[in-house]
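Asks:
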Amino acid sequence: MITSAVLLSGEEMTRLFNLDLQLIADSVLTAISVFVLFLLMSYLLFNPAREFLKKRQEKIQGDLDAASKDKEDASALKSEYDEKMKNVAKESDEILSDARKKAVANEAQIIAEAKEEAARIIKQARAEAELEKQKAYDEMKKEMVNIASLMAGKVVAQSIDTTVQDSLVEETLREVGDKTWQS
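Numbering (this note's numbering), first residue to last: 3 to 185.
Structure, rendered in C-alpha coordinates:
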(Lines of atoms letter the chains of each structure in order from A; the text may use other names.)
(Lines give C-alpha, C1' and ligand atoms only; values in the text may rest on other atoms or scores of the structure.)
Protein backbone atom coordinates (compact mmCIF):
# COMPACT_ATOMS: atom_id res chain seq x y z
CA MET A 3 0.00 0.00 0.00
CA ILE A 4 2.72 2.30 0.68
CA THR A 5 4.10 1.71 -2.71
CA SER A 6 0.84 2.30 -4.34
CA ALA A 7 0.50 5.52 -2.42
CA VAL A 8 3.90 6.66 -3.54
CA LEU A 9 3.07 5.75 -7.08
CA LEU A 10 -0.16 7.59 -6.87
CA SER A 11 1.45 10.64 -5.54
CA GLY A 12 4.09 10.38 -8.32
CA GLU A 13 1.37 10.35 -10.94
CA GLU A 14 -0.37 13.28 -9.45
CA MET A 15 2.87 15.07 -9.39
CA THR A 16 3.42 14.62 -13.01
CA ARG A 17 -0.06 15.80 -13.79
CA LEU A 18 0.30 18.80 -11.64
CA PHE A 19 3.31 19.98 -13.52
CA ASN A 20 2.49 18.28 -16.72
CA LEU A 21 4.53 20.41 -19.11
CA ASP A 22 3.85 18.71 -22.29
CA LEU A 23 4.10 20.31 -25.69
CA GLN A 24 0.39 21.00 -25.91
CA LEU A 25 0.43 23.09 -22.73
CA ILE A 26 3.49 25.02 -23.86
CA ALA A 27 1.99 25.62 -27.30
CA ASP A 28 -1.29 26.77 -25.76
CA SER A 29 0.57 29.04 -23.35
CA VAL A 30 2.66 30.56 -26.14
CA LEU A 31 -0.40 30.95 -28.33
CA THR A 32 -2.33 32.57 -25.48
CA ALA A 33 0.59 34.95 -24.78
CA ILE A 34 0.78 35.87 -28.48
CA SER A 35 -3.00 36.34 -28.60
CA VAL A 36 -2.90 38.54 -25.50
CA PHE A 37 -0.01 40.55 -27.01
CA VAL A 38 -1.84 40.95 -30.37
CA LEU A 39 -5.02 41.80 -28.51
CA PHE A 40 -3.06 44.33 -26.45
CA LEU A 41 -1.60 45.90 -29.62
CA LEU A 42 -5.00 45.94 -31.30
CA MET A 43 -6.68 47.41 -28.23
CA SER A 44 -3.85 49.89 -27.88
CA TYR A 45 -4.33 50.99 -31.47
CA LEU A 46 -8.13 51.01 -31.41
CA LEU A 47 -8.91 52.08 -27.84
CA PHE A 48 -5.90 53.23 -25.89
CA ASN A 49 -4.45 55.63 -28.48
CA PRO A 50 -7.77 57.44 -29.06
CA ALA A 51 -8.28 57.56 -25.31
CA ARG A 52 -4.75 58.95 -24.87
CA GLU A 53 -5.35 61.51 -27.64
CA PHE A 54 -8.69 62.45 -26.08
CA LEU A 55 -7.03 62.88 -22.68
CA LYS A 56 -4.18 64.84 -24.26
CA LYS A 57 -6.62 67.16 -26.06
CA ARG A 58 -8.61 67.56 -22.88
CA GLN A 59 -5.46 68.35 -20.92
CA GLU A 60 -4.43 70.92 -23.57
CA LYS A 61 -7.92 72.47 -23.48
CA ILE A 62 -7.84 72.66 -19.69
CA GLN A 63 -4.36 74.20 -19.80
CA GLY A 64 -5.58 76.69 -22.46
CA ASP A 65 -8.57 77.55 -20.28
CA LEU A 66 -6.29 78.03 -17.27
CA ASP A 67 -3.97 80.26 -19.32
CA ALA A 68 -6.93 82.27 -20.65
CA ALA A 69 -8.32 82.58 -17.13
CA SER A 70 -5.01 83.84 -15.77
CA LYS A 71 -4.73 86.27 -18.71
CA ASP A 72 -8.31 87.44 -18.09
CA LYS A 73 -7.49 87.85 -14.42
CA GLU A 74 -4.45 89.98 -15.28
CA ASP A 75 -6.55 92.05 -17.72
CA ALA A 76 -9.24 92.49 -15.09
CA SER A 77 -6.62 93.52 -12.60
CA ALA A 78 -5.20 96.08 -15.05
CA LEU A 79 -8.71 97.39 -15.82
CA LYS A 80 -9.48 97.64 -12.13
CA SER A 81 -6.35 99.67 -11.49
CA GLU A 82 -7.18 101.85 -14.52
CA TYR A 83 -10.72 102.42 -13.26
CA ASP A 84 -9.42 103.17 -9.77
CA GLU A 85 -7.11 105.76 -11.29
CA LYS A 86 -10.00 107.23 -13.28
CA MET A 87 -12.16 107.35 -10.15
CA LYS A 88 -9.44 109.32 -8.41
CA ASN A 89 -9.34 111.73 -11.34
CA VAL A 90 -13.13 112.09 -11.45
CA ALA A 91 -13.11 114.26 -8.35
CA LYS A 92 -10.44 116.49 -9.86
CA GLU A 93 -12.30 116.69 -13.17
CA SER A 94 -15.58 117.52 -11.46
CA ASP A 95 -13.85 120.29 -9.47
CA GLU A 96 -12.38 121.65 -12.71
CA ILE A 97 -15.76 121.51 -14.44
CA LEU A 98 -17.44 123.29 -11.53
CA SER A 99 -14.66 125.88 -11.46
CA ASP A 100 -15.05 126.49 -15.20
CA ALA A 101 -18.82 126.73 -14.81
CA ARG A 102 -18.40 129.27 -12.01
CA LYS A 103 -15.99 131.32 -14.11
CA LYS A 104 -18.41 131.27 -17.03
CA ALA A 105 -21.28 132.23 -14.73
CA VAL A 106 -19.28 135.16 -13.34
CA ALA A 107 -18.35 136.24 -16.88
CA ASN A 108 -21.99 135.95 -17.97
CA GLU A 109 -23.08 137.87 -14.89
CA ALA A 110 -20.61 140.66 -15.67
CA GLN A 111 -21.73 140.72 -19.29
CA ILE A 112 -25.42 140.82 -18.31
CA ILE A 113 -24.74 143.61 -15.80
CA ALA A 114 -22.80 145.58 -18.42
CA GLU A 115 -25.61 145.12 -20.94
CA ALA A 116 -28.17 146.15 -18.33
CA LYS A 117 -26.14 149.26 -17.50
CA GLU A 118 -25.87 150.11 -21.18
CA GLU A 119 -29.61 149.61 -21.61
CA ALA A 120 -30.33 151.73 -18.53
CA ALA A 121 -28.00 154.48 -19.81
CA ARG A 122 -29.72 154.36 -23.20
CA ILE A 123 -33.16 154.55 -21.57
CA ILE A 124 -32.05 157.47 -19.38
CA LYS A 125 -30.56 159.24 -22.40
CA GLN A 126 -33.77 158.66 -24.34
CA ALA A 127 -35.86 159.90 -21.39
CA ARG A 128 -33.70 163.02 -21.13
CA ALA A 129 -34.06 163.60 -24.85
CA GLU A 130 -37.82 163.21 -24.55
CA ALA A 131 -37.88 165.54 -21.54
CA GLU A 132 -35.83 168.06 -23.50
CA LEU A 133 -38.29 167.77 -26.38
CA GLU A 134 -41.23 168.25 -24.01
CA LYS A 135 -39.46 171.22 -22.48
CA GLN A 136 -38.86 172.71 -25.91
CA LYS A 137 -42.47 172.04 -26.84
CA ALA A 138 -43.67 173.76 -23.68
CA TYR A 139 -41.33 176.65 -24.39
CA ASP A 140 -42.72 176.95 -27.93
CA GLU A 141 -46.28 176.84 -26.61
CA MET A 142 -45.33 179.51 -24.11
CA LYS A 143 -43.97 181.69 -26.88
CA LYS A 144 -47.19 181.24 -28.84
CA GLU A 145 -49.19 182.15 -25.76
CA MET A 146 -47.01 185.19 -25.19
CA VAL A 147 -47.45 186.22 -28.81
CA ASN A 148 -51.23 185.83 -28.42
CA ILE A 149 -51.18 187.85 -25.19
CA ALA A 150 -48.95 190.44 -26.80
CA SER A 151 -51.24 190.72 -29.78
CA LEU A 152 -54.23 191.03 -27.42
CA MET A 153 -52.36 193.66 -25.50
CA ALA A 154 -51.39 195.40 -28.67
CA GLY A 155 -55.02 195.39 -29.67
CA LYS A 156 -55.95 196.92 -26.32
CA VAL A 157 -53.12 199.40 -26.55
CA VAL A 158 -54.15 200.46 -30.00
CA ALA A 159 -57.68 200.67 -28.80
CA GLN A 160 -56.67 202.97 -25.99
CA SER A 161 -54.10 204.80 -28.06
CA ILE A 162 -51.40 204.75 -25.53
CA ASP A 163 -47.92 205.84 -26.26
CA THR A 164 -44.93 203.54 -26.72
CA THR A 165 -43.60 203.85 -23.19
CA VAL A 166 -46.82 202.47 -21.83
CA GLN A 167 -46.71 199.65 -24.38
CA ASP A 168 -43.13 198.76 -23.45
CA SER A 169 -43.97 198.71 -19.77
CA LEU A 170 -46.98 196.45 -20.42
CA VAL A 171 -44.87 194.01 -22.48
CA GLU A 172 -42.18 193.94 -19.80
CA GLU A 173 -44.74 193.37 -17.09
CA THR A 174 -46.37 190.55 -19.04
CA LEU A 175 -43.03 188.93 -19.71
CA ARG A 176 -42.17 189.08 -16.02
CA GLU A 177 -45.50 187.54 -15.05
CA VAL A 178 -45.33 184.78 -17.62
CA GLY A 179 -41.50 184.42 -17.42
CA ASP A 180 -39.57 181.61 -15.75
CA LYS A 181 -42.15 180.55 -13.16
CA THR A 182 -44.81 179.60 -15.64
CA TRP A 183 -42.93 177.23 -17.90
CA GLN A 184 -40.57 175.79 -15.31
CA SER A 185 -43.46 174.20 -13.46
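Backbone N, C-alpha and C fix where the C-beta goes; we use that ideal spot for every residue, glycine too.
What are the start and end residues of each continuous beta strand (DSSP E) run of 3 or more residues lying completely inside the stretch 13 to 59, in chain order?
Replies: none
Asks: May I ask you to report which of helix, strand or coil DSSP gives Asp67?
Replies: helix
Asks: Do the CB positions of Ala150 and Thr165 come within less than 8 Å of each other?
Replies: Contact check for Ala150 against Thr165 fails: the beta carbons are separated by 8 Å or more.
Asks: Compute the beta-carbon to beta-carbon distance between Met142 and Val178, rounded to the nearest angstrom, for a pair I have assumed lies under 8 Å.
Replies: 7 Å
Asks: In whole angstroms, give me the CA-to-CA distance for Lys61 and Ser29.
Replies: Taking the straight line from one Cα to the other gives about 44 Å.
Asks: Looking at C-alpha atoms only, which residue of Arg176, Lys56, Lys86 and Asn49 is the closest neighbour of Asp146?
Replies: Looking at the sequence provided, one finds Met at residue 146 rather than Asp. The shortest Cα separation from Met146 among Arg176, Lys56, Lys86 and Asn49 belongs to Arg176.
Asks: Between the alpha carbons of Val171 and Asp140, how many angstroms are there, rounded?
Replies: 18 Å
Asks: Leaving out five residues before and five after Tyr45 in sequence, what residues of the same chain have Cβ atoms less than 6 Å from its Cβ?
Replies: Excluding its 5 nearest sequence neighbours in each direction, Tyr45 has no C-beta neighbour in its own chain below 6 Å.
Asks: Use the C-beta contact count for Leu10: other C-beta atoms within 10 angstroms, 16 or more gives buried, fewer gives exposed.
Replies: Low confidence applies to Leu10: its pLDDT is 47, below 50, so where it sits in the model is not reliable, and the reading given next is rough at best. It counts as exposed.
Asks: In the structure shown, what three-state DSSP assignment does Asp163 receive?
Replies: coil
Asks: I'd like the list of long-range same chain contacts for Ile97, defined as Cβ closer than 7 Å, with 5 residues on each side in sequence excluded.
Replies: In the same chain as Ile97, and ignoring 5 residues on each side of it, no C-beta atom comes closer than 7 Å to its own.
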